[in-house]
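J.: Residue numbers (this note's numbering), protein chains in the order written: chain A, 18 to 179; chain B, 18 to 179.
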């Protein structure tokens with residue numbers, strides 16, 4: 018299987034740069050540091066900070082599982098954009114510890130995941146293309162959409178890191 | 018390269034089912050058919066209908082280019098959710114015409130794309146993982162976010178088609 022680390026790293030770096038723009042927006046508008054991470058598109062939806070941490074966790078989880086490694090647990094305690102950028106940095110640093118050849122045998126793996134009480138098992142290809150990537154980009158794009166809807170000057174070029 | 022058609026088809030089917038929920042919402046609230054396709058998260062952003070057609074075009078474009086085929090052009094004329102679902106159906110029908118073994122030689126291809134006046138050239142792997150997939154899921158998730166923010170009863174399970 019193609020090593021997913023460079024692509025996750027690129028997209029997470031783009032997400033961190035989007036949060037830098039959100040920090041500049043907060044400073045310009047004198048918005049307290051804990052306000053923007055709590056923004057949502059609608060009340061019954063996860064706030065920005067959870068969109069960011071879940072995106073990080075899909076990248077970390079997918080890379081670890083496809084490489085046959087234990088998924089490290091990161092606590093969900095972030096309350097500011099600076100802390101969220103640190104979470105992204107720690108995720109990228111973890112991804113960098115996985116050797117590129119760890120994915121050579123990935124295609125043959127069976128991946129079991131728990132989402133709440135729900136357990137699922139996939140072949141690696143189905144897991145990566147049908148679950149991990151759509152989930153990762155769902156939370157990346159929803160984080161972007163929350164900031165976009167709230168007037169932060171971000172767009173698709175920021176999302177793509179182009 | 019992994020055949021991308023089953024994953025694009027699965028996600029586009031999920032997007033079509035999300036639009037079915039939007040149609041039910043419009044009917045329940047007596048919203049005219051042309052209103053929901055024009056919704057945006059913020060004024061200087063593309064409306065729902067363009068998010069859907071661009072998602073379709075990234076799936077169609079990626080599959081065609083990776084298979085070494087000419088990308089068919091579909092006109093952007095949709096004004097209702099029913100027409101958008103038809104656009105998705107036509108995209109899925111096109112994807113189904115590409116034989117699975119057309120992707121066997123994809124890794125070695127160079128992909129050139131035009132975005133406005135801007136031309137870019139990529140290796141196929143970089144194109145697929147670094148451009149086509151993030152773009153496809155960006156527009157999928159932004160379409161979902163627009164509907165979610167406007168009170169349509171959709172969520173990540175609908176997006177994943179789980």
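C-beta: ideal position from N, C-alpha, C; glycine also.
Is the CB of residue 55(B) under 8 Å away from at least one CB in chain A?
T.: No, its Cβ sits nowhere closer than 8 Å to a Cβ of chain A.
J.: Quick check on residue 127(B): does DSSP put it in helix, strand or coil?
T.: Residue 127(B): strand per DSSP, three-state reduction.
J.: Any idea if residue 86(B) is buried or exposed, counting beta-carbon neighbours within 10 angstroms, 16 or more meaning buried?
T.: Label assigned to residue 86(B): exposed.
J.: Is DSSP giving residue 33(B) helix, strand or coil here?
T.: DSSP places residue 33(B) in helix when its eight states are reduced to three.
J.: In terms of alpha-carbon separation, which member of 149(B), 120(B), 123(B) and 69(B) lies closest to residue 103(B)?
T.: Nearest C-alpha to residue 103(B): 69(B).
J.: Per DSSP, what kind of secondary structure is residue 57(B) in: helix, strand or coil?
T.: Coil at residue 57(B), not helix or strand.
J.: Going by alpha carbons, who is nearest to residue 116(A) out of 81(A), 176(A) and 131(A)?
T.: Of the candidates 81(A), 176(A) and 131(A), the one whose C-alpha sits nearest the C-alpha of residue 116(A) is 81(A).
J.: Relative to the C-alpha of residue 165(B), which residue among 38(B), 23(B) and 25(B) is closest?
T.: Nearest option by C-alpha distance: 38(B).
J.: Just to confirm before moving on: does the CB-CB distance between residue 176(A) and residue 31(A) stay below 8 Å?
T.: For residue 176(A) and residue 31(A), yes; Cβs fall inside 8 Å.
J.: Whole angstroms is fine: what's the gap from residue 92(A)'s alpha carbon to residue 49(A)'s?
T.: Residue 92(A) and residue 49(A): Cα-Cα distance of roughly 23 Å.
J.: Under the rule that 16 or more other beta-carbon atoms within 10 Å means buried, what is residue 137(A), buried or exposed?
T.: With fewer than 16 other Cβ atoms within 10 Å, it is exposed.
J.: Would you call the segment 95 to 113 of chain B and the segment 41 to 56 of chain B in contact, with 3 or more CB pairs under 8 Å?
T.: Yes, they touch.
J.: Have a look at residue 24(A) and residue 113(B) and give me their C-alpha separation to the nearest angstrom.
T.: Looking at the two C-alpha atoms, the distance is approximately 27 Å.
J.: On the criterion of 16 or more Cβ atoms from any shown chain inside 10 Å, does residue 135(A) qualify as buried, or is it exposed?
T.: Exposed is the call here.
J.: For residue 201(A), which residues from the same chain have a beta carbon less than 8 Å from its beta carbon, with the 5 sequence-adjacent residues on both sides left out?
T.: In the structure as shown, chain A starts at 18 and stops at 179, and residue 201(A) therefore has no counterpart that could be examined.
J.: Run through the segment 138 to 178 of chain B for me and flag every whole alpha helix (DSSP H) of 4 or more residues, listed as ranges in chain order.
T.: Fully enclosed alpha helix (DSSP H) runs of 4 or longer: 141 to 144, 150 to 166 and 173 to 177.
J.: By alpha-carbon positions, which one of 161(B), 168(B) and 167(B) ends up nearest to residue 34(B)?
T.: For residue 34(B), the nearest C-alpha among the options comes from 161(B).
J.: What does residue 27(A) touch in chain B if you count any residue whose Cβ is under 8 Å from its own?
T.: Residues of chain B passing the Cβ test: 147.
J.: Please state if the CB of residue 21(A) and the CB of residue 28(B) are separated by a distance shorter than 8 Å.
T.: Against a cut-off of 8 Å, the Cβ pair of residue 21(A) and residue 28(B) comes out as no contact.
J.: Determine whether the Cβ of residue 19(B) lies closer than 8 Å to any Cβ atom of chain A.
T.: It does; some Cβ of chain A falls within 8 Å.
J.: Alpha carbons only, please: which of 173(B), 36(B) and 125(B) is nearest the one belonging to residue 158(A)?
T.: Taking only the C-alpha atoms, the option nearest residue 158(A) is 173(B).
J.: Going along chain A in order, which residues have a C-beta closer than 8 Å to the C-beta of residue 34(B)?
T.: Residues of chain A passing the Cβ test: none, with the nearest at roughly 14 Å.
J.: Would a check of beta-carbon distances place residue 154(B) closer than 8 Å to chain A?
T.: Yes, residue 154(B) counts as interfacial toward chain A.
J.: I'd like to know whether the C-beta of residue 177(B) is nearer than 8 Å to at least one C-beta of chain A.
T.: By this cut-off, residue 177(B) is an interface position.
J.: Find out if the Cβ-Cβ distance for the pair residue 163(A), residue 58(A) is shorter than 8 Å.
T.: Yes, these two residues count as a Cβ contact at 8 Å.
J.: What residue from 118(A), 146(A), 79(A) and 155(A) has the CA that sits closest to residue 130(A)'s CA?
T.: For residue 130(A), the nearest C-alpha among the options comes from 79(A).
J.: So, does the CB of residue 159(A) fall closer than 8 Å to a CB anywhere in chain B?
T.: With 8 Å as the cut-off, residue 159(A) counts as an interface residue toward chain B.
J.: Rounded C-beta distance between residue 145(B) and residue 83(B)? I'm assuming under 8 Å.
T.: Confirmed, about 6 Å.
J.: Residues in the same chain with beta-carbon distance under 7 Å from residue 171(B), minus the five sequence neighbours each way, listed in chain order, please.
T.: Hits under 7 Å: 35, 38, 161, 164 and 165.
J.: Residue 60(B) to residue 167(A), Cα distance in whole Å?
T.: C-alpha separation (whole angstroms): 11 Å.
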